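Input: a single structure, listed below in structure tokens.
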Amino acid sequence: MKLLDNHVRIAVLLSMAVVLGVTVSLDLIFSLIDELGESGVDYSVGNALLYVFMTTPTSIYELLPYAALGGALIGLGVLASNNELVVMQSVGIHKWRIVAAVLKPTLLVMLIGLVLGEFVSPSLEQVANSNKAIQQSGSTSINSEAGTWRKVGNDYIHINAIAPGGEELIGVSRYTVNDERELVSASFAEAGEYVRTETGGYWRLLNVSQSLMNSSTIITSGYLQEDWEADLSPELLSVLLV
Numbered sequence: 001m002k003l004l005d006n007h008v009r010i011a012v013l014l015s016m017a018v019v020l021g022v023t024v025s026l027d028l029i030f031s032l033i034d035e036l037g038e039s040g041v042d043y044s045v046g047n048a049l050l051y052v053f054m055t056t057p058t059s060i061y062e063l064l065p066y067a068a069l070g071g072a073l074i075g076l077g078v079l080a081s082n083n084e085l086v087v088m089q090s091v092g093i094h095k096w097r098i099v100a101a102v103l104k105p106t107l108l109v110m111l112i113g114l115v116l117g118e119f120v121s122p123s124l125e126q127v128a129n130s131n132k133a134i135q136q137s138g139s140t141s142i143n144s145e146a147g148t149w150r151k152v153g154n155d156y157i158h159i160n161a162i163a164p165g166g167e168e169l170i171g172v173s174r175y176t177v178n179d180e181r182e183l184v185s186a187s188f189a190e191a192g193e194y195v196r197t198e199t200g201g202y203w204r205l206l207n208v209s210q211s212l213m214n215s216s217t218i219i220t221s222g223y224l225q226e227d228w229e230a231d232l233s234p235e236l237l238s239v240l241l242v
């Protein structure tokens, strides 16, 4: 009996694997076509391929239920077309035992989907979206023991927290260097809010303390607010983990 159960499980698992492989392959092809349409100077073909690769676990997670259902039906169909189900029932194997043999690999596939959905795909997709947003904006990311920093032009920026939606910031540190990589200014703002205009928008920083450096002196000043134009849109910040 165990041999027959294993035969049914293997047939169903193979069918699920085929269905999953076909559906995921098609999904990846269409995703790659979409990403290649967005490729340009900052977002290259290699970046598009990496993005599709990192979001593959999400595609697998989303398609697993369909693969499980389709694979189970196809597996049973193959067994029925070879008259194997009839033979099993003729030797006294109850149909519910066959159903149980089909459900076991289905539950295994669902368990794999649970692991992907809870532990693998969310973090990979977040990193993929973050990298994509950074590359398309032309900025870069620098990871250190002090946290994650963003480089935009000659500014190195660290944000302590980003509100949902990306339009409110808490704790904005900015360090500006010149073309010789010398530090020329450092500032810290307690908070910031995005102000939208007809031509785009800018950041309004609140309670700003700033230090300007030159070869001989450091000038420190403070402002209740400062308008800051930077290539950091709320749409970009909403996908960045700081």
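All residue numbers in the sequence shown are consecutive under the UniProt record's numbering, ending with 242. All residues carry an ideal CB built from backbone N, CA and C; glycine is no exception. Quick caveat: nothing in here was measured; it's all calculated off a predicted structure.
Residue interval of the alpha helix (DSSP H) (run including residue i)
i      : result
Glu182 : Segment: none, Glu182 is in no alpha helix (DSSP H) and carries neither H nor E.
Tyr43  : Unbroken run through Tyr43: none, as it is neither H nor E.
Thr55  : Premise fails: Thr55 is in no alpha helix (DSSP H) and is neither H nor E.
Leu28  : 2-37
Val102 : 95-115
Glu84  : 84-90
Cβ distance (whole Å) where residue i is taken to contact residue j below 8 Å
i      : j      : result
Tyr202 : Glu229 : 5 Å
Gln135 : Tyr43  : 5 Å
Leu79  : Ala11  : 6 Å
Ser185 : Thr197 : The pair is not a contact, with the Cβ atoms about 25 Å apart (cut-off 8 Å).
Leu20  : Val52  : Actually they are not in contact, since the Cβ atoms of Leu20 and Val52 sit about 17 Å apart, beyond 8 Å.
Ala100 : Met16  : Going by Cβ atoms, the distance from Ala100 to Met16 rounds to 16 Å, so no, they are not a contact pair.
Ser121 : Tyr61  : 5 Å
Pro57  : Leu116 : 5 Å
Leu76  : Val102 : 7 Å
Three-state class that DSSP yields for residue i in the structure shown
i      : result
Ala133 : helix
His158 : strand
Ser144 : Caution is warranted here: a pLDDT of 48 is assigned to Ser144, below 50, making its placement in the model unreliable, and no coordinate value can be reported.
Leu232 : coil
Gly70  : helix
Ala163 : coil
Gly75  : helix
Ser123 : helix
Ser81  : helix
Own chain, CB closer than 6 Å to residue i, minus 5 neighbours either side, in chain order
i      : result
Arg174 : Asp155, Ile157, Ser187
Val86  : none
Met54  : Leu124, Ala128
Ile170 : Asn160, Ala161, Ala191
Tyr223 : Val208
Leu114 : none
Gly200 : none
Continuous beta strand (DSSP E) stretch holding residue i: start and end
i      : result
Asn207 : 200-213
Gly171 : 168-177
Same chain, Cβ closer than 7 Å to residue i, five either side skipped, listed in chain order
i      : result
Val152 : Ser139, Ala230, Asp231, Leu232
Lys104 : Arg9
Leu4   : Met88, Ile93
Ser221 : Gln210
Leu205 : Val172, Ala189, Gly192, Gln225, Glu226, Trp228
Asp179 : none
Other residues of its chain near residue i: CB distance less than 8 Å, five sequence neighbours each side excluded
i     : result
Val45 : Leu36, Ser39
Ser59 : Val24, Asp27, Leu28, Ser31
Lys2  : none
Residue i CB to nearest heavy atom of the ligand SAH below 7 Å
i     : result
Tyr61 : In the structure on display, the ligand SAH does not appear, and there are no ligands present to speak of.
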